[in-house]
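Read the structure below first, then the notes.
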Amino acid sequence: MESATKISFVHTVQEHLTNVSIEVRDFSSTGPIVLRVFSESREVQVRLNFIGHGNAADFEFVYEGAATATIHRGVDHDLCAYLTDHPPTIWFADGSRLEGNTHVELRTAAQLYARDRLEVLDWTGIDITKESQREERRTDSVQYRTIQHIKAENRHEIVFDDDGAGEAADIVAISLDSETQPRIITVDLYHCKYSGGAAPGARIDDMYVVCGQAQRSVMWLHNKERRTDLFAHLLKRDADRVEGGRPTRFEVGTKDRLAQIRDLSRVCAVTLRVYIVQPGLSKTGAADHQLALLGVTDRFLSETYQTPLKVYCG
0 MESATKISFV HTVQEHLTNV SIEVRDFSST GPIVLRVFSE SREVQVRLNF
50 IGHGNAADFE FVYEGAATAT IHRGVDHDLC AYLTDHPPTI WFADGSRLEG
100 NTHVELRTAA QLYARDRLEV LDWTGIDITK ESQREERRTD SVQYRTIQHI
150 KAENRHEIVF DDDGAGEAAD IVAISLDSET QPRIITVDLY HCKYSGGAAP
200 GARIDDMYVV CGQAQRSVMW LHNKERRTDL FAHLLKRDAD RVEGGRPTRF
250 EVGTKDRLAQ IRDLSRVCAV TLRVYIVQPG LSKTGAADHQ LALLGVTDRF
300 LSETYQTPLK VYCG
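Below, the structure written as structure tokens:
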């Protein structure tokens, strides 16, 4: 469980997994695979090494640089040793994945994401190179504009700013099918990404990170306990911030209502919808390589838990 797992970076106290992220450092097709494991204040980098060939092929994680870390799950483990024994799944742009030294391809080929499915938002007054609204709620940021769009739809009981290391998404919005006798809890995960330029364009780098975040969304549907963990994660994230004398993460709704939804998730079905928000993507000028990456993401979400994908662009 997320709540029972902690990461200790050198010279720091333990950090709950709730506040820790892991991501691929580079996106080169020829370079080594290096992962960043990081909180808001510390990070460590680990490299995946392949050992031997053929039937003797194996792998191990080793530290990249001097920084090391410890993971606590009941007992303490060196982070590299733990990742070697329990390798994370690494996803590639073509939808294939690497588990240790085992490469698995998508079951069926992905198609280009249909251009007419892209939805343009009004980015007037927004600096599309500025992603996070931060705690001060920057009104010219991509995240702030997206939150205002979600609020205007008026269809969610909870709208939550989960931005930061360890996030489930930049924005999490929750709705129920009935106020009195709910059977389905719908969670909308919005993954925002700033533009690499002042105007929308065909930059593939604008798509890699946000598509990877969208693909990771389905981990919350892995089992029933994990679905409840999602709501516990949000409650812990807000409590950590508020206890530190900082602003709440709630944009709509309250912690008491979210706690009720957490409890309901043990008896109700939980469904996800995933949103990519990238004003650097041009609807009219989107290149095939961008639409191909979105197509892979769409196919992966559909193949795993029939999770729909929607894309907001510039």
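For what it's worth, numbering that gives the first Met the number 0 labels the leading residue of the sequence shown as 0, then goes sequentially. Note that the Cβ used here is the ideal one computed from N, Cα and C, for glycine as well.
- If you compare the alpha carbons of Gly-53, Asp-176 and Tyr-62 with that of Ala-268, the shortest gap goes to Asp-176.
- Per the coordinates, the alpha-carbon of Arg-137 lies some 9 Å from the alpha-carbon of Arg-144.
- Under the criterion of beta carbons closer than 8 Å, Ser-131 and Gln-142 qualify as touching, at roughly 5 Å.
- Beta-bridge partners assigned by DSSP to Thr-270: Thr-185.
- Remark: fewer than three beta-carbon pairs, one from each stretch, lie closer than 8 Å, so the segment 252-261 and the segment 271-291 are not flagged as touching.
- Counted as a single uninterrupted DSSP element, the beta strand (DSSP E) harbouring Leu-308 occupies residues 308-312.
- Val-19 is the residue among Tyr-112, Val-19 and Arg-46 whose C-alpha sits nearest the C-alpha of Glu-39.
- Between Val-310 and Leu-105 a beta carbon distance of about 19 Å is seen, past the 8 Å cut, so the two are scored as non-contacting.
- Assigned with DSSP and collapsed to three states, Ala-231 falls in helix.
- For Gln-110, there is no enclosing alpha helix (DSSP H), as DSSP gives it neither H nor E.
- Taking Thr-185 as the centre and dropping the five residues before and after it, the same chain places the C-beta of Ser-174 and Thr-270 closer than 6 Å to its C-beta, in chain order.
- 9 Å or more divides the Cβ of Val-33 from the Cβ of Arg-41.
- For Leu-97, there is no enclosing alpha helix (DSSP H); the enclosing beta strand (DSSP E) covers residues 96-98.
- Where Val-295 is concerned, the enclosing alpha helix (DSSP H) starts and stops at 287-304.
- Annotation for Ile-89: Leu-97 place their beta carbon closer than 6 Å to its own, counting only its chain and skipping 5 residues before and after.
- The C-alpha of Asp-77 is placed about 6 Å away from the C-alpha of Ala-68.
- Note on Gly-211: 16 or more other CB atoms within 10 angstroms of its CB, so buried under the neighbour-count rule.
- In this structure, the straight-line span from the alpha carbon of Lys-129 to that of Asp-162 is close to 13 Å.
- Secondary structure of Arg-245 (DSSP, three-state): coil.
- Taking C-beta separations shorter than 7 Å and ignoring five residues to either side along the sequence, the partners of Phe-249 in its chain run Phe-159 and Asp-237, following chain order.
- In the displayed model, His-85 falls within coil according to three-state DSSP, outside both helix and strand.
- Taking C-beta atoms as the reference points, Val-276 and Lys-150 fail to come closer than 9 Å.
- Cα atoms of Gly-51 and Gly-64: separation of roughly 23 Å, rounded to the nearest angstrom.
- Distance from the CA atom of Thr-303 to the CA atom of Val-217, rounded to whole angstroms, is 7 Å.
- Separation of the CB atoms of Lys-192 and Val-209 is rounded to 4 Å, and the pair is thereby assigned contact status at 8 Å.
- Residue burial annotation: Phe-230 is buried, with at least 16 other C-beta atoms found within 10 angstroms of its C-beta.
- Nearest C-alpha to Asp-187 among Leu-308, Asn-54, Ala-56 and Val-43: Leu-308.
- Phe-49 counts as exposed, since fewer than 16 other C-beta atoms from the protein chains shown sit within 10 angstroms of its C-beta.
- Positions of the alpha helix (DSSP H) runs, each at least 4 residues long and wholly inside the segment 112-157, are given as 141-152 in order along the chain.
- In this chain, the beta strand (DSSP E) harbouring Asp-75 covers 74-77.
- Here Asp-139 has Gly-124, Ile-125, Asp-126 and Lys-129 as same chain residues with Cβ atoms under 7 Å from its own Cβ, once five neighbours each way along the sequence are excluded.
- Straight across, the Cα-Cα distance linking Ser-28 with Ala-109 is about 19 Å.
- Spanning the alpha carbons of Ala-197 and Leu-220 requires a straight line of approximately 36 Å.
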